[in-house]
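Residue numbers are given in our numbering: position 16 of the sequence shown equals residue 25, and the series is strictly consecutive.
Every residue gets a Cβ at the ideal spot worked out from N, C-alpha and C, and that includes glycine.
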Amino acid sequence: MSTLTIDSVSKRYGDKIALDNLSFDVRPGELFGFVGSNGAG
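What follows is the structure in structure tokens.
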């Protein structure tokens, strides 16, 4: 059982692809962080 499910998310800013078919599950008790290539998140 998942607390959060993300499935096939894509996002573009003009010609820049920020997310390309992102999918993941977060289960109860798990910690999750989303950090970009420059350390921002």
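Could you give the distance in angstroms between the alpha-carbon of Asp16 and the alpha-carbon of Asp24? 22 angstroms
Look at the alpha carbon of Asp29 and the alpha carbon of Ser46, and state the distance between them as a whole number of angstroms. 15 angstroms
Return the first residue and the last residue of the beta strand (DSSP E) that Ala27 is part of. Lys25 to Val35
Cβ-Cβ separation, Val35 to Leu13 (assumed contact under 8 angstroms), whole Å: 4 angstroms
Going straight from the alpha carbon of Glu39 to that of Leu31, what length do you get? 18 angstroms
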